[in-house]
Structure formats: C-alpha cells, structure tokens
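What follows is a set of notes on a single structure, which appears directly below.
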C-alpha cells in the first residue's frame, strides 16, 4: 500500500516537474527568438580566378562597399577575393574596379582591406572562417568573431552548378557541406540570424539543403537556369558585373542607415524581366516574418550611442622626461653600428656548429636492420655486452 | 610637440628627375620612439604617442631586434634610373633579426609572419620553412648592436605577392597623421599604382638616441618609392608637376612633425631641366657616393605655400643625358625543355680602375634541384674563385637552397655565375590553381661596398636628411649598396588535372563492359524455354485438363 502511494506521489511529482520544465523551456525559447541582435558581421567571398572573371570581383566589392557605407566597420567584415583585378597588369585603370561601363563608381575605393586574397581563398579556409576552427596564430582580421547575438551576412559569387560552387577553378564546395557548416555555427551559437546571398548559375541549389534555424537565403537563379552578366566594357575588355548584383547594388544605393526597407523589397530585386533568370529565396527556416526584417538588420550595423550633456575635461598627458638610470655614475660605452660587409671577417668565418639532431628515418631504420641481423646470426647472449 | 617626451616624427619627400624623362619620388616618414623595452627589467609599455601600437606590440611580443618588410610592384631598372635610395625586390620581402634571448626563433618567425599578414592585408602566411633561409653573411643588422649571430636572422621573399590599395591602406594608417595632413595626402592609389615602379616598406631598427650614442631609441621608417613613367601616363612632353604625379597639391605639413621637407635634386639643373618655383634654400648631401645638390622646400613655414595656400612644383625637361651606374646585376634562365635548365647571374662592374668585392646571395626553391658541381664563376672569360662560399643544400619540401659567395669583381668587367638545375615533379596537391603560369624564384641579392667618388661623412647628426642617413657609414671611401636582380619565372612539368576523372571513367567502363560480359559468359546457365502456344491450343488444353485427358503437345 505504501509502495503504491509512494509511486503515485512520485508520478505526480515527475509530471509536475515535466510541465514546469516545458514551460520554462518555451518561455526561454520564445525570448531567444524575439530578441534582437547586438552586432553585425559580413563574410563576402569571390571565388573565381583569372582576368575574365573580373565581374565576380566587382560583384563582391560592390556588396562590400554597400555594407561599409551602411555602417559595418572593416574589423567586422571578412573579405575574400580569389584574384587581384585592380592591380592586375591587364587593367588599363590600375587600382580601380568599376561596376558600370560609364566608369563613375570605383567600387574598389581608397580604403579597402582584403583579408583573404589570392591562393588563400580555398574551401577549407572558407569553412574554417565560418566555423571558427582556425589555427591559433591567425590574426584577428582574418577571423569571424561572432557570438550568439550577431547577425551575419554571407555573400558568395563565382561559377556554380547544381549543388556546388567552384573555388578558383580547382575545387568545389557542395550544398551539403555548406548546410553542415551552418549547422556547426548554429550549435556553437555563432549567429543570431544569417542572411545568405548567392549569385552564381543555378544558385538556388545551394540553399536547398539548409536545415538550421534562423537562415534566410537568396539566390540569383533557380536550378537549371544560368545567371547572366550585365554588360561588357570595350576599354577593359571583360564583362563588368553580373545582372543580379548590379540591380542589387542599385537597390542598396538607395538604402541609408535609417531606412525602413524590409526583406520583401529585397526579394523583389531583379525580376525576371531584368535578370532573365528567376531569383529565388527561402524563408521557411526563418523565425520572423520577412516583412518585419529590416535591410539594415543585415547590411547595416547596430551602433550604441550615448548622448551626454556634461563636459569632460581632458588632461594633457605631459610625462616628466625619463631619467636615464645612472647616466653619470657608470661608464657606459657608446654603442656602434655593425659593419655591413666586413670582408675580412666573412672570409675567415668559421663554419657554424650545427645543433645535433638524433638520427631519424632512413639512418635509424638502417642501423636497426644491421643490429637485428647481427643478433639473429650470433644469438641473444651477445646483448649482455650492451646492457 | 611637448618638450617632455622625446618622440619625434619627420617626413620628407625627395624628387629626383631621371635622365629618361621619368621622375622618381621617394617618401620617407621617420618616427623616433624613445623607449627601450628590451632591457632586463622588462618595463611594460602602455602609452603609444606617435609610434603605432600594432607594431609596438609586435616588437615586444616577439622580441624583435630589427624588422624590414617591403612590398614592391615592378622592377627597378638600374641601367636607366641609377640606384634607388632604398632598394627592394619585386614582390614581398621580409627579413628580421631577433633578440639573442629568444629560444625558439622558428616558432617566433612563424607567428610573426601570420601577425604581419593580418596587419598589412598580405598573404605573408605563405612564408614557411620552404622559403625561409638563414643567410650567413648577407643582411647584417642596419641598427645598433655588436653581436651578429646569424642564427637569429631569418629572410624570406614572396615574388608572387601583389601590391594594391589594400596594402597601402594599413600602411597609411601607421602614420601619426594618417593620410589627412602632411605629405601623405599625396598618396592617392589611383596615381601611385599607375606607375612603372611602386615600393612601400617599413623598416624598424634601434638607433642612437643622441650624439654620444649611449642609449637606444626605436626608429620606424616608412618609405614609399615610386617612379612615374611619362609614356604610361600618356603625355607627350616631358613635363612633371606634383599635381600631374599625384593629382593633389600640398596644403599643410603634418602638425605632429618636427620637420617636413621636400627636396628636389637639381644637380643636373639647368642643363637637364627647369624647376619652378625656385628657392634659395639649397642643401648639399653625399648620397650613393655622389655629391648632389638639392632644393629644399620647408613645409613647416607658411611662406612655402604662397598666396594660394597650396604648393605645387613644376619641372620641365630640356635635354637628354646618359647614366652609367657602377654596379648592376641581372639574372635569367637558359636552356630548353621542362627537365633541365641553367640559371645565369651576370654582375657588371663599371668602375674604370677599381675592383671591389660583392656578396651574392641566392635562394632557390627546392623544386629546382641545383647541381652545385656545375657552379662556375667567370670574369673576363677566366675562372674567378670566390673567397667565401656558403652553400646549404635543399631538403625536399622542407628547405630551399641557399648559396652565398663573396666574389671579387675586376674593374670594368662582367662576371657570370652559372649553375645547372633539374626540375622536380611536384605532387598533384602541391600545384597552385593556375600552374601553367609558372613558379617564381626570388631575386638574388648582391650586397657590395662600392668605391665612392666623393668622401662620405661618418658622423651621425640629427639634421641629416633622411634619404642619406639610412645606411650607417663606417668608412669614407666606399658606400654600401644592395642590388636586386629580376625574379625568375620557371615552368614546371604540369600534369593534366583532368586525368583522375578520365581514369575513373575508363576503368569503370572497362570493368563494366569487359569483366561484366566475361562474368556473364562464365556463370550464365541456359535453359530451353518452349514458346507459349496459341490461344486456341491453350483453351483446348485447359478443357482437357478439366476432363482429365492427356494434353496436346
């Protein structure tokens, strides 16, 4: 009898606990998803090499320019350009990258900071930046130091196909790898919300496999369609920009840091009549309604401004002259510069004593073989001569 | 500037018209930092005034004694342009002397290259053991000190590295005034990179703090050398002005600078060119073994800017003249095919009667396997035996070749150094994404003490112009110069990267068609199968089965 009573009591307690925990969990989750972000990051990648892929670099630089203009500082932008177009010897206007053949807007600008360039733009480095698993000696400017309240904008452009994106004409990243990387980021709480934009052929295939929450994705073309480039410039000799990013840049040029434009306007950028391909988007993994998400949530930056009406006095930092310790007491000999080419010294230089390293590899194996053969033929009892 | 602190900042621009109609502009910004944290008491520094904090932290964390890094686009043409004030090879070059208290030099070197790649936005993290060398006699420290144990020196060069605005931006941020005031306003990337030669460098070293030289101070020199070509700038006549070169004029000196001057080399005036506005301030300096006269424009004085409050120089060429530098080197690859080749380094001594020694340093990557028994040094078609040779052979995928030789160059001669090599086959993952471009071999470095026509001054004074006080002068009769040769571009045998795919397709086809049909042939059994009878017969058989009567055939 007491057993049954005890069991019933236990069951009641357990069910209460379960209900209590469930309530706590939902309120916490609800709180988590409706809270805003506190900082913004951007990862902008151009994956193509060679001069005829000038337009991909121009694409990335125009998004970089917009993102900087709307407030994200260089320290929060990871810019990866697989090749150098601005100072390329084929560029008739060095240190410039143009988006339109009227050559009005130099998207390269005067204060650009490229974090990964040339051969450093590889699939491995891109995934390492996203997941944060970088070697310890990586400098700060090459890291994505986001936390769980960061909104991240990721922009990829290059040549792609159904389910993959080509890096530097030698390797690919598949849509599954990308989805797994985002899942890793979610599990390590490296983002609050993430906006993924891709401008390649068959770009919609890259976001098909996403399964982590809080992801919104945009692509320039559907599966089976090609993204087309905008217009060539006869002076430079190549196509300057892709259609989707060109109209995206046009749209973003009208956005200012206090703008109230939302994601629905972004989805309308470059309809099929302008782009020839059909841009696509994916919002099912996103918690909030796209109509309530501002463009500046991803392209701009949150700034905390404190206004004060008090005056602050700045003290002038005049330090007393540093007294050279014991300059009068001890006789310090004057220091000299080194002779740049001491011929006599060099000729009579003794060879350096190299540090002794224990033998490794081939030599060690050879000696082991010799010893083994020796002891095989003459027996174990000779070992006592050594030990 | 406060009288209490002894930090100092000086900026200077030297304009040297060249004989070919081009113009050479050299900016030097020097920041003196009066602190010595490498002493034993290890006082932590937390207040940075003029010296940039990012570099100060690098120096203290890695116990760096000297740091020299340069980024160059283009090649310095010694025969047409003479000797530069600060030489640099194409690409990126980094050499560092570490303090003798460092126990793990290689570890510090690796971390230092990573940190610098973040500071300068360059791919310096590609510097590793396969392209770092430890010269045994070249690259002695340019700063104070007496211990020169070459175990603490590391040298690496990346000839493939490009320079663009993304490297200029962080370089400009290191200046106390940034690019907002002083001479740095002239640095607009659209003009600077539209030139024949562009080189920006950072040199950090300890120097004498005062005349008695009893204590050290850190010196940070940021130099930018650029040569504007009148052909590429698209102008027919040889006429230059500050506005044409930089698309800006000067309006003020940097307020934090104790001296801000513009020097124009007028030694060849008035035969070669004409300068306006003229000035009475002249300065004579002995630089690179030659006594040159310079017009000085002091930007800290308001009258330099005139009534328009802007300062613009104008130079107009009149005639042509030829130049004959005393020391000159070039390098090329000879041979044909993708298996063997020969590296030729040619050094010219154009002095009519004096011979002098040069130290040649060659660093060749491991995939060009040098045959040192084929090394020959000939001068005037006779064998010239070097008085010092240091050769460190390469270890595959671990270490490059290092060859250092001290050669005595006879007067008025051409010395040729040849060595044969064989190209190695790399593993397929070691090829770059564009392997058909070729692989670069870094420039050779020729260090020499060239006899000077004019006596050089060995006194160290604070008032010397910056361009003549970079290399410390030990004796009066010769000056130290470093000449870099061209980098080499060598094609390695490149495989066809689509072969793995081709092999998989072919193998699968062969297996499927060949083996598959063979397997079927061996294991398939045959059964005799009667064709199904027509409908009438089937019906008849069905009725017969019900009746129990034997079936039809």
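Chains as they are written, first to last, in this note's numbering: chain A, 1 to 387; chain B, 1001 to 1553. We put the beta carbon where it would ideally sit given N, CA and C, even for glycine.
Taking the Cβ atom as the reference point for each residue, do residue 1012/B and residue 1288/B lie within a distance shorter than 8 Å?
Mapped onto the second chain, residue 1012/B falls at position 12. Mapped onto the second chain, residue 1288/B falls at position 288. No.
- Item | Within 9 Å of chain A by C-beta, residues of the segment 1375-1391 of chain B in sequence order | Going along the segment 1375-1391 of chain B in chain order, one finds 1387, 1388, 1390 with a Cβ nearer than 9 Å to chain A.
task = Find the residues of chain A that neighbour residue 1266/B, judging by a C-beta separation of less than 9 Å, and give them in chain order.
result = In the second chain, residue 1266/B corresponds to position 266, counting from 1. Within chain A, not a single residue places a beta-carbon under 9 Å from that of residue 1266/B; the smallest gap is close to 30 Å.
message = On the DSSP bridge list, what partners appear for residue 1303/B?
response = Here residue 1303/B refers to the residue found at position 303 of the second chain. According to DSSP, which records beta bridges pairwise, residue 1303/B is partnered with nothing at all.
- Could you tell me if residue 1097/B is buried or exposed, where buried requires 16 or more neighbouring beta carbons within 10 angstroms of its beta carbon? Mapped onto the second chain, residue 1097/B falls at position 97. Around the beta carbon of residue 1097/B, 16 or more other beta carbons lie within 10 angstroms, which makes this residue buried.
ask   = By the criterion of Cβ-Cβ separation under 8 Å, what are the contact partners of residue 1180/B in chain A?
value = Start at 1 with the first residue of the second chain, and residue 1180/B comes out as number 180. Per Cβ cutoff of 8 Å: no residues; residue 1180/B is ~12 Å from chain A at best.
Practice problem: Kindly indicate if chain A contains any beta-carbon less than 8 Å away from that of residue 1073/B. | Solution: Here residue 1073/B refers to the residue found at position 73 of the second chain. Chain A contact via Cβ: present.
Within chain A, the residues that residue 1471/B reaches when beta carbons sit closer than 8 Å: By one-based count along the second chain, residue 1471/B stands at place 471. Those within 8 Å of residue 1471/B in chain A are 340.
Item to complete: Hey, could you find the ends of the beta strand (DSSP E) residue 1587/B is sitting in?
Response: For chain B, the structure presents residues 1001 to 1553; residue 1587/B sits outside this window and is missing.
- Using a Cβ cut-off of 8 Å (strictly closer), state whether residue 1144/B contacts chain A. Along the second chain, one-based indexing puts residue 1144/B at 144. Residue 1144/B counts as touching chain A.
(Q) Any beta carbon from chain B within less than 8 Å of residue 180/A's own beta carbon? (A) Taking the first residue of the first chain as 1, we reach residue 180/A at position 180. So no, residue 180/A is outside the interface.
Contact set between residue 168/A and chain B, taken where Cβ atoms lie within less than 7 Å
As a working note, residue 168/A is residue 168 in the first chain. Correct list: 1433.
**Study point:** Helix, strand or coil at residue 274/A [DSSP, three-state]
**Key:** Here the question's residue 274/A lines up with position 274 in the first chain. DSSP places residue 274/A in helix when its eight states are reduced to three.
### Query
What in chain A is Cβ-close to residue 1099/B, meaning under 8 Å?
Locating residue 1099/B in the second chain gives position 99, counting from the first residue. Simply none; closest approach about 15 Å.
Original post:
If you drop the 5 nearest sequence neighbours on each side, which residues of the same chain put their C-beta closer than 6 Å to that of residue 54/A?
Top reply: Your numbering for residue 54/A matches position 54 in the first chain. Hits under 6 Å: 85, 238.
- prompt: DSSP state of residue 290/A, grouped into three classes?
  reply: Here residue 290/A refers to the residue found at position 290 when the first chain is read from its first residue. If DSSP states are grouped into helix, strand and coil, residue 290/A belongs with the helices.
| said: For residue 1118/B, would you say it is in contact with chain A, using Cβ-to-Cβ distances shorter than 8 Å as the test? | reply: Counting from one through the second chain, the residue named residue 1118/B turns up at place 118. It does; some Cβ of chain A falls within 8 Å.
- Task: Out of 1029/B, 1049/B, 1021/B, state which residue places its alpha-carbon closest to the alpha-carbon of residue 316/A.
- Result: To locate residue 316/A, count along the first chain from 1; it is residue 316. Here the closest residue by C-alpha is 1049/B.
_Contact belief for residue 1331/B with residue 1486/B at Cβ below 8 Å, rounded distance in angstroms_ = Looking up residue 1331/B in the second chain gives position 331. Looking up residue 1486/B in the second chain gives position 486. Right, their Cβ atoms sit about 6 Å apart.
Q | Cut-off 8 Å between Cβ atoms - residues of its own chain near residue 1279/B, not counting five sequence neighbours on either side | A | Here residue 1279/B refers to the residue found at position 279 of the second chain. 1295, 1296, 1297.
| query | In chain A, which residues lie with their C-beta within 9 Å of the C-beta of residue 1058/B? | reply | Looking up residue 1058/B in the second chain gives position 58. For the C-beta of residue 1058/B, not a single chain A residue is nearer than 9 Å; the gap to the nearest is close to 11 Å.
Beta bridge counterpart(s) of residue 1015/B as assigned by DSSP: Against the second chain, residue 1015/B aligns to sequence position 15. According to DSSP, residue 1015/B bridges with 1025/B, 1264/B.
Nearest to residue 153/A by alpha carbon, out of 296/A, 359/A, 311/A?
Within the first chain, numbered from 1, the residue matching residue 153/A stands at position 153. Measuring from the Cα of residue 153/A, the nearest candidate turns out to be 296/A.
Checklist entry - Of the residues 1547/B, 1010/B, 1540/B, which one's Cα is nearest the Cα of residue 1257/B? => result Within the second chain, the letter at position 257 stands for residue 1257/B. Comparing Cα positions, the closest option is 1010/B.
Exercise. Pull up the distance between the alpha-carbon of residue 1145/B and that of residue 1167/B, whole angstroms please.
Key: For this step, residue 1145/B is matched to residue 145 along the second chain. For this step, residue 1167/B is matched to residue 167 along the second chain. Taking the straight line joining both Cα atoms gives about 31 Å.
Any beta carbon of chain A sitting closer than 8 Å to that of residue 1111/B?
Taking the second chain and counting its residues from 1, one reaches residue 1111/B at position 111. Yes, residue 1111/B counts as interfacial toward chain A.
ask   = By how many angstroms is the C-alpha of residue 249/A removed from the C-alpha of residue 1405/B?
value = Taking the second chain and counting its residues from 1, the one referred to as residue 1405/B is at position 405. Taking the first chain and counting its residues from 1, the one referred to as residue 249/A is at position 249. Distance between the alpha carbons of residue 1405/B and residue 249/A is about 58 Å.
**Asked** Any C-beta of chain B sitting closer than 8 Å to the C-beta of residue 104/A?
**Response** Taking the first chain and counting its residues from 1, one reaches residue 104/A at position 104. Taking Cβ atoms only, chain B never reaches closer than 8 Å to residue 104/A, which makes this a no.
Q) Ends of the alpha helix (DSSP H) at residue 1361/B? A) Reading the second chain from its first residue, position 361 is the one you call residue 1361/B. Residue 1361/B -> not in any alpha helix (DSSP H); beta strand (DSSP E) instead, spanning 1356-1364.
**Request:** Using a Cβ-Cβ cut-off of 8 Å, state whether residue 118/A counts as contacting chain B.
**Result:** Position 118 of the first chain, counted from the first residue, corresponds to residue 118/A. By this cut-off, residue 118/A is an interface position.
| task | Determine the direct distance from the alpha carbon of residue 363/A to that of residue 375/A, and round the result to whole angstroms. | result | Your numbering for residue 375/A matches position 375 in the first chain. Your numbering for residue 363/A matches position 363 in the first chain. Roughly 18 Å separates the two Cα atoms.
Is the beta carbon of residue 47/A closer than 8 Å to that of residue 156/A? Locating residue 156/A in the first chain gives position 156, counting from the first residue. Locating residue 47/A in the first chain gives position 47, counting from the first residue. A contact, by the Cβ cut-off of 8 Å.
- Where residue 133/A meets chain B, residues with beta-carbon distance less than 8 Å: Counted from its first residue, the first chain places residue 133/A at position 133. Neighbours of residue 133/A on chain B: none; closest Cβ ~16 Å, over 8 Å.
(Q) Residues of chain B with CB closer than 8 Å to the CB of residue 336/A, please, in chain order. (A) Taking the first chain and counting its residues from 1, the one referred to as residue 336/A is at position 336. Near residue 336/A (Cβ distances below 8 Å), the residues of chain B are 1144, 1146, 1213.
Residues of the segment 1346-1358 of chain B whose Cβ lies closer than 8 Å to any Cβ of chain A, in chain order
If the cut-off is 8 Å between Cβ atoms, the segment 1346-1358 of chain B has 1357 near chain A.
_My assumption, with CB atoms under 8 Å, is that residue 41/A sits in contact with residue 146/A. Please give the rounded CB distance._
Here residue 41/A refers to the residue found at position 41 of the first chain. Here residue 146/A refers to the residue found at position 146 of the first chain. Confirmed, about 5 Å.
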